[in-house]
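A.B. asks: Sharing a structure below in structure tokens format, with a few things to ask.
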Amino acid sequence: MAAEAISRALRDGALEGEHAPALTIKDSIHAPLGAFVFDHILAQLSSNISSSKSQAQGIVLVAFARSPQFYAELLKSKANDAASLKKWLRIVDCYTDPLGWKIQLAESGIVSNRSTQNATTASLCKNVRDLDMLFSSIVELGKEVIRETKGRFAVAIDSVSEILRHASISSAASLLSNLRSHDQVACLFWLFHSDLHEMKASSALEYISSMVACVEPISNTANGKGMNSENVPLIEQNLGRGKFSVRFKRRNGRIRLMSEELHTEQMGINFVPAFEGHVTSQSLVPKVQFNLQLSEKERNDRAKVVLPFEHQGDGKPIQIYDGRRSVSESKTENKETNAEKMHVNEDSGRGEIIYIRDSDDEMPDSDEDPDDDLISDSTIFFLTVGILELLTN
Amino acid sequence: MMSSNSANNLLDEALGFNDDGGGGGGGLLLLIEDRVETSGAFILHHLIKRRLSSPNRPNDVVVFLSFAHPFSHYDRILRKMGCNLGVQKENKRFVYYDMLNLNYPDGEKGAEDLLLSVYGKIQKTVELCSSREGYKNSTIMIDDISLMEVALCGSSNLVLDFLHYCYSLATQFDCLVIILNHEDVYSTMDVPSPLLQMEYLANIVIKAEPLATGLATDVHGQLTVLNKGICQGSGCSKGKIRNFHFRVKENCVEYFYPGSRT
Chain A
15 MAAEAISRAL RDGALEGEHA PALTIKDSIH APLGAFVFDH ILAQLSSNIS SSKSQAQGIV
75 LVAFARSPQF YAELLKSKAN DAASLKKWLR IVDCYTDPLG WKIQLAESGI VSNRSTQNAT
135 TASLCKNVRD LDMLFSSIVE LGKEVIRETK GRFAVAIDSV SEILRHASIS SAASLLSNLR
195 SHDQVACLFW LFHSDLHEMK ASSALEYISS MVACVEPISN TANGKGMNSE NVPLIEQNLG
255 RGKFSVRFKR RNGRIRLMSE ELHTEQMGIN FVPAFEGHVT SQSLVPKVQF NLQLSEKERN
315 DRAKVVLPFE HQGDGKPIQI YDGRRSVSES KTENKETNAE KMHVNEDSGR GEIIYIRDSD
375 DEMPDSDEDP DDDLISDSTI FFLTVGILEL LTN
Chain B
2 MMSSNSANNL LDEALGFNDD GGGGGGGLLL LIEDRVETSG AFILHHLIKR RLSSPNRPND
62 VVVFLSFAHP FSHYDRILRK MGCNLGVQKE NKRFVYYDML NLNYPDGEKG AEDLLLSVYG
122 KIQKTVELCS SREGYKNSTI MIDDISLMEV ALCGSSNLVL DFLHYCYSLA TQFDCLVIIL
182 NHEDVYSTMD VPSPLLQMEY LANIVIKAEP LATGLATDVH GQLTVLNKGI CQGSGCSKGK
242 IRNFHFRVKE NCVEYFYPGS RT
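Listed in order, the protein sequences are those of chains A and B. Going by the numbering used here, the first residue of the first sequence is number 15, and it counts up by one from there. Going by the numbering used here, the first residue of the second sequence is number 2, and it counts up by one from there.
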């Protein structure tokens with residue numbers, strides 16, 4: 015499954031002489047489940063680190079969107095005690111005072127200098143606009159969790175969207191590239207909200223990544239067409255479920271696509287195989303809101319349709335399809351009669367085909383106009399003459 | 002059909018408010034989005050009254066930053082709803098900051114310094130309240146965000162920074178942050194709008210929109226309350242959406258589900 019493949023790739027880490035694997039998790043406001051995926055990946059990697067199964071010996075978590083306390087509680091709830099967390103977890107706290115306002119206010123005596131308690135070692139970042147300083151902080155904290163000289167650490171950034179609010183895309187891309195190419199970084203992953211940025215920013219981040227995990231709505235609602243009680247259940251469904259598509263970029267250039275569904279639950283999220291009808295493997299069919307592919311039954315039914323006026327060329331007499339399903343032998347004579355009549359009408363040069371159905375063979379719910387056999391051209395002519403005579407008299 | 006005079010109406014239920022006016026604290030940000038056709042100001046007035054009128058919470062404080070109207074405007078409206086803002090202001094339960102008449106400096110640096118000082122006042126007020134006995138929740142309200150952006154030389158980034166700080170203050174001191182913004186102000190923007198940033202930040206989003214069928218005399222619009230649920234490290238509650246109609250009357254607002262009005 016896709017989520018497991020991601021966890022394995024991050025667990026295995028970087029090969030010698032190669033850049034570290036990098037994962038982009040992206041979502042949008044209509045499928046706002048990216049944070050759940052981030053937490054899941056973080057918990058999985060933490061579990062591998064604490065049981066020494068991964069290349070990374072520790073994690074440096076850069077917290078912008080949620081507090082260090084939130085992450086401490088999250089990881090403790092996944093069977094990690096505080097003492098163990100302190101060994102391998104470091105947090106760069108970009109949440110509490112990202113611009114240094116609280117420090118300035120405390121220094122000028124306006125507010126008290128109350129530091130928030132945290133159970134893990136969180137290093138306060140007072141200026142998120144300085145990405146060089148942020149890079150140095152990450153690397154410094156990473157070295158604290160490495161046990162050997164050639165050891166490596168993982169990096170997780172909970173919101174690149176927040177970085178992009180304070181810095182340009184080129185600076186942000188540079189930060190991520192430098193981390194990825196650092197010889198002590200085993201792997202890194204980050205979350206961003208694709209609808210908060212221009213396409214070029216999204217593309218730049220995806221180019222840097224070796225894996226891109228995209229969370230999309232499970233239900234396509236009529237976005238932008240106004241709210242009503244009908245699309246409320248669909249929107250609510252998107253709060254709890256989503257499509258999870260992952261693109262893996264191999265070293266040899268091959269792309270592998272995997273897709274599944276994710277469901278939110280009380281204690282996190284659960285990944286399940288996608289339902290039938292969803293794209294489960296790489297396909298050239300364009301992504302549209304309706305199904306372009308045929309099922310087996312639909313293919314068989316299509317093969318059985320007798321096309322009108324087509325020479326079947328199989329030695330059997332030509333069967334002209336006149337709108338009725340029946341192609342049995344008992345109807346053959348009638349059809350031949352109809353065919354003769356059709357030829358007669360065609361010879362008149364009018365260019366249209368009129369079906370003159372034998373009334374005995376007429377189906378009860380025929381689509382034909384029942385009045386067709388009541389009036390003929392000659393009758394119309396005489397009627398017209400009669401009307402003209404009346405008018406002139 | 003429920004009016005806002007009853008103990009709990011559809012809006013309060015959708016917000017997860019208790020009968021005593023509490024709930025909705027614990028570090029949450031509530032975003033109200035409205036439009037020209039459907040003003041969301043009545044929601045703000047309702048929430049002011051709820052937060053100040055709860056008998057079990059005598060020390061709760063509402064910190065109000067007004068960029069839109071003078072104090073007399075809110076006083077007049079809340080009086081009709083049975084709430085005396087003047088008395089609450091004297092008792093320091095309603096802390097009103099007049100942002101209309103401030104001298105706004107030029108340039109972004111000056112704007113940031115001003116914002117820093119405003120934030121400092123808010124943090125000091127909230128810290129003071131939290132030290133009082135019986136403190137439960139504080140509320141920080143901003144009316145409205147688009148005017149705040151204008152006042153800060155159009156810097157939506159500064160506004161978002163300010164909201165982030167309010168949010169972290171709310172998490173630390175168990176506050177509720179309530180902001181009002183206008184959806185149609187950002188509708189013609191080509192670049193991703195700051196309103197979307199706020200929707201990501203908010204835990205609860207209330208949208209006041211006209212009906213899809215247009216204007217009506219009996220129904221003034223529809224409210225959609227998106228409650229993302231509380232997410233803590235140990236687990237999350239599921240997000241919910243409620244949609245219902247409203248009618249604004251002289252002294253109250255009626256909320257009802259479509260088709261249930263007699």
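Don't be surprised by glycine CBs; every beta carbon is placed ideally from N, CA and C.
Please check if any C-beta of chain A sits within less than 8 Å of the C-beta of Val-192/B.
C.D. replies: Position 191 of the second sequence, counted from the start, is the residue given in the question as residue 192/B. Yes, Val-192/B counts as interfacial toward chain A.
A.B. asks: Excluding the 5 residues flanking Ser-344/A on each side, which residues of the same chain have their C-beta closer than 8 Å to its C-beta?
C.D. replies: Here residue 344/A refers to the residue found at position 330 of the first sequence. Confidence is the limiting factor: at Ser-344/A the pLDDT is only 45, short of 50, which leaves the residue's position unreliable, though a coordinate-based value still follows. Around Ser-344/A: no qualifying Cβ.
A.B. asks: In this structure, does DSSP put Asn-192/A in helix, strand or coil?
C.D. replies: Looking up residue 192/A in the first sequence gives position 178. Residue state, collapsed to three classes: helix.
A.B. asks: Looking at the structure shown, is Ser-295/A part of a helix, part of a strand, or coil, going by DSSP?
C.D. replies: Mapped onto the first sequence, residue 295/A falls at position 281. Since pLDDT at Ser-295/A reaches only 43, below the 50 mark, its modelled position is unreliable, and the value read off the structure follows with that caveat. DSSP places Ser-295/A in coil when its eight states are reduced to three.
A.B. asks: How far does the beta strand (DSSP E) with Arg-166/A in it reach, from first residue to last?
C.D. replies: Your numbering for residue 166/A matches position 152 in the first sequence. Its beta strand (DSSP E) spans residues 166-171.
A.B. asks: Using the Cβ count rule (16 or more neighbours within 10 Å means buried), how would you classify Glu-310/A?
C.D. replies: The count along the first sequence starts at 1 and reaches residue 310/A at position 296. Label assigned to Glu-310/A: exposed.
A.B. asks: Once the 5 residues before and after Gly-87/B are set aside, which same chain residues still bring their CB inside 7 Å of it?
C.D. replies: Locating residue 87/B in the second sequence gives position 86, where the first residue counts as 1. Here the set comprises Asp-76.
A.B. asks: Who does Gly-282/A pair with in a DSSP beta bridge?
C.D. replies: Start at 1 with the first residue of the first sequence, and residue 282/A comes out as number 268. In the DSSP output, where bridge partners are listed per residue, Gly-282/A has Glu-279/A.
A.B. asks: Ignoring anything shorter than 3 residues or poking outside the segment 214-270 of chain A, list the beta strand (DSSP E) runs there in chain order.
C.D. replies: Taking only runs of at least 3 residues, the beta strand (DSSP E) segments lying wholly in the segment 214-270 of chain A are 225-231, 255-263.
A.B. asks: Counting only C-beta atoms, is Pro-112/A closer than 8 Å to chain B at any point?
C.D. replies: Your numbering for residue 112/A matches position 98 in the first sequence. Yes, Pro-112/A counts as interfacial toward chain B.
A.B. asks: Please determine, among His-180/A, Ala-187/A, Gln-198/A, Ser-151/A, the residue with the shortest C-alpha to C-alpha distance to Ile-160/A.
C.D. replies: Position 146 of the first sequence, counted from the start, is the residue given in the question as residue 160/A. Nearest option by C-alpha distance: Gln-198/A.
A.B. asks: Is any beta-carbon of chain A found at less than 8 Å from that of Gly-155/B?
C.D. replies: Within the second sequence, numbered from 1, the residue matching residue 155/B stands at position 154. Chain A, which has no Cβ nearer than 8 Å to the Cβ of Gly-155/B, makes this no.
A.B. asks: Straight-line CA distance for Asn-252/B to Lys-90/B?
C.D. replies: Position 251 of the second sequence, counted from the first residue, corresponds to residue 252/B. Position 89 of the second sequence, counted from the first residue, corresponds to residue 90/B. Whole-angstrom Cα-Cα distance: 21 Å.
A.B. asks: Lys-125/B touches chain A at which residues, Cβ-Cβ below 7 Å?
C.D. replies: The count along the second sequence starts at 1 and reaches residue 125/B at position 124. In chain order: Ile-124, Val-125.
A.B. asks: Residues in its own chain within less than 8 Å of His-46/B by CB, not counting five upstream and five downstream?
C.D. replies: Residue numbering aside, residue 46/B sits at position 45 when the second sequence is read from its first letter. Hits under 8 Å: Tyr-75, Ile-78, Leu-79, Met-82.
A.B. asks: Among Arg-52/B, Pro-195/B, Gln-124/B, Ala-213/B, whose alpha-carbon lies nearest the alpha-carbon of Phe-174/B?
C.D. replies: One-based indexing of the second sequence puts residue 174/B at position 173. Minimum Cα distance to Phe-174/B is reached at Gln-124/B.
A.B. asks: Straight-line CA distance for Lys-349/A to Glu-366/A?
C.D. replies: Walking along the first sequence from the start, residue 349/A turns up at place 335. Walking along the first sequence from the start, residue 366/A turns up at place 352. Reliability fails at Lys-349/A, whose pLDDT of 48 lies under 50, so the model's placement of it is uncertain and no value is given.
A.B. asks: Classify Thr-214/B as helix, strand or coil using the three-state DSSP reduction.
C.D. replies: As a position in the second sequence, residue 214/B is number 213, starting the count at 1. Looking at Thr-214/B - three-state DSSP - the assignment turns out to be coil, as it is neither helix nor strand.
A.B. asks: Nearest CA to the CA of Phe-149/A: which residue from Glu-162/A, Asn-192/A, Lys-263/A?
C.D. replies: Within the first sequence, numbered from 1, the residue matching residue 149/A stands at position 135. Per the Cα distances, Asn-192/A.
A.B. asks: By a C-beta neighbour count over all protein chains shown, 10 Å radius and 16 as the cutoff for buried, is Ser-342/A buried or exposed?
C.D. replies: For the purposes of this step, residue 342/A is taken as residue 328 along the first sequence, with counting starting at 1. With a pLDDT of only 49 at Ser-342/A, under the threshold of 50, the placement of this residue in the model should not be trusted, and no figure is reported.
A.B. asks: Identify, in the order they occur along the chain, each residue of the same chain with its Cβ nearer than 6 Å to the Cβ of Gly-240/B, setting aside the five sequence neighbours on each side.
C.D. replies: By one-based count along the second sequence, residue 240/B stands at place 239. The residues are Lys-229, Gly-230.
A.B. asks: Check whether the segment 138-157 of chain B touches the segment 94-111 of chain B, counting contact only when three or more Cβ pairs, one atom from each stretch, lie closer than 8 Å.
C.D. replies: Yes, the segment 138-157 of chain B is in contact with the segment 94-111 of chain B.
A.B. asks: In angstroms with no decimal places, state the Cα-to-Cα distance between His-246/B and Phe-18/B.
C.D. replies: To locate residue 246/B, count along the second sequence from 1; it is residue 245. To locate residue 18/B, count along the second sequence from 1; it is residue 17. Distance between the alpha carbons of His-246/B and Phe-18/B: 19 Å.
A.B. asks: Give the secondary structure of Tyr-97/B by DSSP, where H, G and I count as helix, E and B as strand, and everything else as coil.
C.D. replies: The residue you call residue 97/B lines up with position 96 of the second sequence. Of the three classes helix, strand and coil, the one that applies to Tyr-97/B here is strand, per DSSP.
A.B. asks: Buried or exposed: Ile-20/A, going by 16 or more other Cβ atoms within 10 Å of its Cβ?
C.D. replies: Stepping through the first sequence from its first residue, residue 20/A is reached at position 6. Its Cβ being crowded by 16 or more others within 10 Å, Ile-20/A is buried.
A.B. asks: When you check each C-beta in the segment 58-83 of chain A against every C-beta of chain B, which residues fall closer than 7 Å?
C.D. replies: Listed by position, the residues of the segment 58-83 of chain A near chain B (Cβ gap below 7 Å) are Ser-81.
A.B. asks: What residues of chain A sit near Leu-117/B, judged by a beta carbon separation below 9 Å?
C.D. replies: For this step, residue 117/B is matched to residue 116 along the second sequence. Neighbours of Leu-117/B on chain A, chain order: Leu-113, Trp-115, Gln-118, Leu-119.
A.B. asks: Going by other Cβ atoms of all chains shown within 10 Å of its Cβ, with 16 needed for buried, is Asp-219/B buried or exposed?
C.D. replies: Within the second sequence, the letter at position 218 stands for residue 219/B. Exposed, by the Cβ-count rule.
A.B. asks: Who are the near neighbours of Arg-270/A in its chain, counting only those whose CB is closer than 8 Å to its CB and skipping five residues on each side?
C.D. replies: The residue you call residue 270/A lines up with position 256 of the first sequence. Taken in chain order, the residues that qualify are Arg-261, Phe-262, Arg-264, Gln-296.
A.B. asks: Assign Lys-250/B to buried or exposed, taking buried as 16 or more other Cβ atoms, counted over all protein chains shown, within 10 Å of its Cβ.
C.D. replies: Counted from its first residue, the second sequence places residue 250/B at position 249. The residue in question, Lys-250/B, is exposed, as its Cβ has fewer than 16 Cβ neighbours within 10 Å.
A.B. asks: Counting only beta-carbon separations shorter than 8 Å, does Tyr-201/B have a partner in chain A?
C.D. replies: Counting from one through the second sequence, the residue named residue 201/B turns up at place 200. Chain A contact via Cβ: present.
A.B. asks: For Val-159/A, report the span of its alpha helix (DSSP H) as first-last.
C.D. replies: Taking the first sequence and counting its residues from 1, one reaches residue 159/A at position 145. That run of the alpha helix (DSSP H) goes 145-159.
A.B. asks: On the three-state DSSP scale, how would you describe Ala-152/B?
C.D. replies: As a position in the second sequence, residue 152/B is number 151, starting the count at 1. DSSP places Ala-152/B in helix when its eight states are reduced to three.
A.B. asks: Identify the contact partners of Tyr-256/B in chain A, using a Cβ-Cβ distance below 8 Å as the criterion.
C.D. replies: For the purposes of this step, residue 256/B is taken as residue 255 along the second sequence, with counting starting at 1. The contacting residues do not exist; Tyr-256/B stays about 14 Å from chain A at best.
A.B. asks: Using beta-carbon positions only, say whether Ala-227/A and Cys-201/A come within less than 8 Å of one another.
C.D. replies: As a working note, residue 227/A is residue 213 in the first sequence. As a working note, residue 201/A is residue 187 in the first sequence. No, the Cβ-Cβ distance between Ala-227/A and Cys-201/A is not below 8 Å.
A.B. asks: Please compile the residues from chain A whose C-beta is within a distance smaller than 7 Å of the C-beta of Tyr-98/B.
C.D. replies: Indexing the second sequence from 1 puts residue 98/B at position 97. Residues of chain A passing the Cβ test: none, with the nearest at roughly 15 Å.
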